[in-house]
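Which chain is which? The protein sequence lines are A and B, in order. In case it helps, this note's numbering puts the first sequence at residues 1 to 359. In case it helps, this note's numbering puts the second sequence at residues 1001 to 1157.
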Amino acid sequence: MGIQSVIPFGPQHPVLPEPIHLDLVVEDEVVKEAIPNIGFIHRGLEGLAEKRDFNEMVYVAERTCGICSFGHGMGYCEAVEKVMNVEVPERAKYLRTIWMEFSRVHSHLLWLGLTADAFGFESLFYECWRIREHVLDVMEATTGGRIIFSVNQIGGVHRDLNEDQIRFLKGELDQIEKDLKNCEKTLFGDMTVQKRTRGIGVLTKEEVHDLGAAGPFARASGLKYDMRMTGYEAYGKLDFEPIISEEGDCYARILVRTKEIFQSIQLIRQALDQLPAGDLNVPVKGMPKGEALVRIEQPRGEAIYYVNAENSRFLNRFRIRTPTFANLPGLCKMLQGANYADVGILVVSIDPCISCTER
Amino acid sequence: MTVIEPVQKFEDVQKGDLLITVMRKRQEGLRLVQICCAVVNNQYEVLYSFTDDDTYVLTNVRVMVGLNDTIPSICDSYPYANYYENEMAEMFGLKIEMIDGDYHGKFYRIDAEEPFLNEKAKEARALEAEEIRKAAEEAANMPEPEIKVVKKEGGVE
């Protein structure tokens, strides 16, 4: 039997975009156990719900994370709208869907770059992030912000898209699609990518289900579960099917996320073509009273927003269950039996968003 | 695309029935998606949410727990519940027994004690603890009941 050592991974590590600490129990370069430690960027945002007006809380919810920002704002608004029985106008639903899908494209491109960087493919990292700049340009042109959009409000949105912006959007979508297709051959065919990702970190469909995993991480193992199938916002009027893979390794996760980018581009095009005329928001009167639980599909997976209100402008409770929190057990399971050299790519393969996890 | 209706159900259960209810959810193949704690009417309201991956039906099991009570861990049925339970224990001071992988209040490693439990609830908890302590003292100081032995005819007691 070899000698076991405990090697700390993080909170500062070149592959980690955000701080998380893992105690890796390693024996002869094989990880036997991984114990996560978090808390480096806990900000107590949920506690602020008791101290901020429920209308202002949208801005706090959005700042849970810079990458999933739009989704958090939208999820919070949907939960409060459900409590207050507010019906959002159709145009606002489509606009939310368009911005949500751009957010997904942005997130997946960011992740593709980080994954390439994790196995040392720097030029691919630069290329993915260069393509991502197109998305950020679109967000800045349409919402005023590159990362935090602040367009959601309870009752709808407060920014619109005019014809010029729609034309610009469509042009940028074409460019993103073209650039990503150029990268596809490298992403799926390059020997380096194959060697570092095929057969690494395999989880079966039963394992991801038993571990409570969510999002592309679970879909890459064959679990067909995508909250967009429930048709919230304008998704019910768009045509798509969840993308799944059966292999369950890191390569499958790259495949699923890349295909989701193309799928998101199609969804945005559909939404732009179907965009109805109408109001952007409805006035919201009174105070929220009651509770509601809303589920949406964030780029990293299913996110749950729970709101409990007692007829006051301050909520009694606001809770976000983020997808990375749900994927942590899956990460620990993947690390068991893995080579120490693969730890970086395995951690990145769940697309960790620690800001979301800790809130 | 076929839109799947996102049905949600709520079940209220007693603390004593929690483990058997959760075990049944496990046997039905449901996935635990979240555990949420809130303070409602000076009690902990713990909401366990389970989803069916095929029908997307979300079943929420609600348990009300006193501020000084304990609640059993559901890690036997759902091992990955420990992260949610550690979070509730640290943020709200909810006492959970037998968590598999207990961080003992150091999951987020926050200096503040029970940061999500407001002052009103802390006072209510202290008052309730005092009442429980007094009730226990009174019960301990009560004189033992006198047992009278009555002899019946025929010598049988």
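Virtual Cβ for every residue (Gly too), placed ideally from N, Cα, C.
Where do the N-terminal and C-terminal ends of the beta strand (DSSP E) with Ser312 (chain A) fall, by residue?
-> Secondary structure note for Ser312 (chain A): it is in no beta strand (DSSP E), with a DSSP letter that is neither H nor E.
According to DSSP, residues forming a beta bridge with Ala1089 (chain B) = Paired residues: none, contrary to the question.
How big is the Cα-Cα spacing for Ser1077 (chain B) and Ile1071 (chain B)?
-> Taking the straight line from one Cα to the other gives about 15 Å.
Should the stretch 269-288 of chain A be called in touch with the stretch 81-99 of chain A, which here means at least 3 C-beta pairs below 8 Å?
-> Yes, since at least three Cβ pairs between the stretch 269-288 of chain A and the stretch 81-99 of chain A fall closer than 8 Å, the two stretches touch.
From B:Leu1030, B:Thr1002, B:Ser1049, B:Asp1111, pick the residue whose C-alpha is nearest to that of Arg1062 (chain B); which is it?
-> The shortest C-alpha to C-alpha distance from Arg1062 (chain B) to any of B:Leu1030, B:Thr1002, B:Ser1049, B:Asp1111 is the one to B:Ser1049.
Using alpha carbons as the reference points, say which of A:Ile261, A:Ala303, A:Lys333 lies closest to Gly248 (chain A).
-> Out of A:Ile261, A:Ala303, A:Lys333, A:Lys333 has the C-alpha closest to the C-alpha of Gly248 (chain A).
Round the Cβ separation of His42 (chain A) and Tyr1108 (chain B) to the nearest angstrom and send it over; I've been treating them as touching at under 8 Å.
-> Confirmed, Cβ separation roughly 5 Å.
Quick one: Cα of Pro1006 (chain B) to Cα of Met229 (chain A), how far?
-> Linking Pro1006 (chain B) to Met229 (chain A) through their CA atoms gives a straight-line distance of about 9 Å.
At a CB-CB cut-off below 8 Å, which residues of chain B make contact with Glu50 (chain A)?
-> Result: Asn1118.
Is the beta carbon of Cys128 (chain A) less than 8 Å from the beta carbon of Ala116 (chain A)?
-> Cβ distance < 8 Å, so Cys128 (chain A) and Ala116 (chain A) count as in contact.
Opening and closing residue of the alpha helix (DSSP H) in which Leu1058 (chain B) lies = Element bounds for Leu1058 (chain B): not the alpha helix (DSSP H) but the beta strand (DSSP E), 1058-1066.
Residues sharing a beta bridge with Lys1009 (chain B), DSSP | The secondary-structure analysis by DSSP pairs Lys1009 (chain B) across a beta bridge with B:Thr1059.
Using a C-beta to C-beta distance shorter than 7 Å, which residues of chain A count as neighbours of Asp948 (chain B)?
-> There is no way to answer for residue 948 (chain B), as the model of chain B reaches only from 1001 to 1157.
Measuring CB to CB, does Cys65 (chain A) end up less than 8 Å from Ser355 (chain A)?
-> Note that the C-beta distance between Cys65 (chain A) and Ser355 (chain A) is below 8 Å.
Leu331 (chain A) versus Pro11 (chain A) - alpha carbon distance | So the alpha carbons of these two residues sit roughly 16 Å apart.
Spell out the partners DSSP gives Ala292 (chain A) in its beta bridges.
-> In DSSP, Ala292 (chain A) forms a bridge with A:Val307.
Cβ of Ala34 (chain A) within 8 Å of Cβ of Leu335 (chain A)?
-> For the pair Ala34 (chain A) and Leu335 (chain A), the CB atoms are nearer than the 8 Å cut-off.
So what's Asn37 (chain A) in DSSP terms, helix, strand or just coil?
-> In the structure shown, Asn37 (chain A) falls within a strand segment according to DSSP collapsed to helix, strand and coil.
Tell me where the beta strand (DSSP E) around Gln263 (chain A) begins and ends.
-> Where Gln263 (chain A) is concerned, there is no enclosing beta strand (DSSP E), although the alpha helix (DSSP H) it sits in stretches over 250-274.
If you draw a straight line from the alpha carbon of Leu1047 (chain B) to that of Asn1086 (chain B), how long is it in whole angstroms?
-> Cα to Cα, the separation comes out at about 15 Å.
If you run the structure through DSSP and keep just helix, strand and coil, what is Pro1143 (chain B)?
-> Three-state result, Pro1143 (chain B): coil.
Let me know the alpha helix (DSSP H) ranges lying completely inside the stretch 183-222 of chain A, each 4 residues or longer, listed in chain order.
-> With a minimum length of 4 residues, the continuous alpha helix (DSSP H) runs that stay inside the stretch 183-222 of chain A are 191-197, 205-210, 216-219.
When the Cα atoms are used, what is the spatial distance from Glu50 (chain A) to Gly1093 (chain B)?
-> Answer to the nearest angstrom: the Cα atoms are 18 Å apart.
Can you give me the start and stop residues for the beta strand (DSSP E) that Ala1038 (chain B) sits inside?
-> Run containing Ala1038 (chain B): 1031-1040, per the beta strand (DSSP E) assignment.
Cβ-based burial, Asn1060 (chain B) [other Cβ within 10 Å; buried from 16] = Asn1060 (chain B) is buried by the Cβ-count criterion.
beta-carbon Thr204 (chain A) near the ligand ATP non-hydrogen atom, thresh 7 Å = Annotation note on the ligand ATP: not contained in the displayed structure, which lists no ligands.
Nearest to Glu358 (chain A) by alpha carbon, out of B:Tyr1084, B:Leu1032, B:Ile1004?
-> Here the closest residue by C-alpha is B:Tyr1084.
Applying a beta-carbon distance threshold of less than 7 Å, which residues of chain A neighbour Cys1036 (chain B)?
-> Close to Cys1036 (chain B), with beta-carbon spacing below 7 Å, are these residues of chain A in chain order: Tyr306, Arg319.
Going along the chain, which unbroken runs of the alpha helix (DSSP H) with 4 or more residues stay wholly within the stretch 117-175 of chain A?
-> For the stretch 117-175 of chain A, whole alpha helix (DSSP H) runs of length 4 or above, ordered along the chain, are 122-143.
Any Cβ of chain B within less than 8 Å of the Cβ of Leu272 (chain A)?
-> Residue contact check for Leu272 (chain A) against chain B: no CB pair falls below 8 Å.
Hey, could you find the ends of the alpha helix (DSSP H) Ile1110 (chain B) is sitting in?
-> No alpha helix (DSSP H) holds Ile1110 (chain B); DSSP gives it neither H nor E.
Report yes or no: is there a C-beta of chain B within less than 8 Å of the C-beta of Pro17 (chain A)?
-> Answer no: the Cβ-Cβ gap between Pro17 (chain A) and chain B never drops below 8 Å.
Does Asn182 (chain A) come within less than 8 Å of chain B when only Cβ atoms are used?
-> Closer than 8 Å: no.
Buried or exposed: where does Val1003 (chain B) fall if 16 or more other Cβ atoms within 10 Å of its Cβ makes it buried?
-> The Cβ neighbour count for Val1003 (chain B), taken over all protein chains shown within 10 Å, is under 16; the residue is labelled exposed.
Could you tell me if Ala277 (chain A) is buried or exposed, where buried requires 16 or more neighbouring beta carbons within 10 angstroms of its beta carbon?
-> Exposed, by the Cβ-count rule.
On the premise that His134 (chain A) lies in contact with Gln175 (chain A), defined as a C-beta separation below 8 Å, what is that separation, rounded to the nearest angstrom?
-> Right, their Cβ atoms sit about 6 Å apart.
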